[in-house]
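The structure appears below as structure tokens.
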Ligand SMILES: [Zn+2]
């Protein structure tokens, strides 16, 4: 499941290889003929990531809004690669091609609809100007478990299941604690931890949360608690709970 770091990485990549060019836009799968015709031949001016949302702005067309959902992906290939019928939307420029596959949202937005989505989203931990106060205030109004609140994109945007489990472990906060029981100091540590983890993810292009001196050479699936059996620090058993649609993980010794 793409978390915020993947979306920000995609925005950076697409800004580098597509922005500034006139793009050929098509829908090989046939799902978005009108959208493709509207954008075809337009110059792409900017790509922005907010939480798990991508927004493409054009010289003279509405904003393209993409949300990958649980299984969607954007594949990059060199110009001229033949299209396959599973491609929902193809953005083809002189330097590169980006193919959208299996996304939940692919739509055009007028200025009001665009503003409404941005307004609804909680602060994005990866945004340079993100306002942690707004996220803290929103947490203060919720008595649901902190782990559940962290996945609520109206509280904080960009966090997925792996980062929430790992950041709560690193900060020693139990996932089932009510969101409004966190002190400001605890919240600030959590915010800084999430921000550092996701920033690292943008650089690494994958999720690495365990400190170098606590892990071996193999980085695949190395986490503190996410899908782990034993705690890397105290050796205790990692417990997990179904919490809403996703599982939460914790070490009952290290997280209180
Ligand atoms: Zn432990």
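In our numbering, the protein residues as written are 1 to 256. Backbone N, C-alpha and C define an ideal beta-carbon position, used for all residues, glycine too.
Residue i (DSSP reduced to helix, strand or coil)
i	result
residue 71	coil
residue 170	helix
residue 97	strand
residue 252	coil
residue 138	helix
residue 184	helix
residue 214	helix
residue 57	strand
residue 152	coil
residue 198	helix
residue 243	strand
residue 219	coil
residue 230	strand
residue 207	coil
residue 91	strand
residue 190	helix
residue 162	helix
residue 144	coil
residue 179	helix
Any non-hydrogen atom of ligand 1 closer than 8 Å to residue i Cβ
i	result
residue 229	no
residue 106	no
residue 233	yes
residue 210	no
residue 236	yes
residue 203	no
residue 162	no
residue 253	yes
Buried/exposed call for residue i, threshold 16 Cβ in 10 Å
i	result
residue 112	exposed
residue 162	buried
residue 16	exposed
residue 241	exposed
residue 234	exposed
residue 20	exposed
residue 217	exposed
residue 78	exposed
Beta carbon proximity, residue i to chain B, threshold 9 Å
i	result
residue 167	Absent from the structure: chain B. Only one protein chain is present.
Residue i Cβ short of 8 Å to ligand 3 heavy atom set
i	result
residue 8	No copy of ligand 3 appears in this structure; the ligands present are ligand 1.
Count the C-beta pairs between the region 149-169 and the region 121-130 that are closer than 8 Å, then say yes if the count reaches three, no if not. yes
Would you mind listing the beta strand (DSSP E) stretches within the region 105-131 that are 3+ residues and don't spill past its ends, in chain order? 105-109
Every unbroken beta strand (DSSP E) inside the region 1-43 [3 residues or more]: 24-26
Flag this pair as touching only if the region 176-184 and the region 141-155 have three or more C-beta atom pairs under 8 Å; answer yes or no. yes
Is the number of C-beta pairs between the region 13-32 and the region 65-72 that are closer than 8 Å three or more? no
Is the region 213-230 touching the region 242-252 in the sense that three or more CB pairs, one from each, lie closer than 8 Å? yes
Check whether the region 202-217 touches the region 163-171, counting contact only when three or more Cβ pairs, one atom from each stretch, lie closer than 8 Å. yes
Say whether the region 101-108 touches the region 31-43, bearing in mind that this needs 3 or more beta-carbon pairs closer than 8 Å, one atom from each stretch. yes
If you pair each beta-carbon of the region 88-106 with each one of the region 126-145, do three or more pairs fall below 8 Å? no
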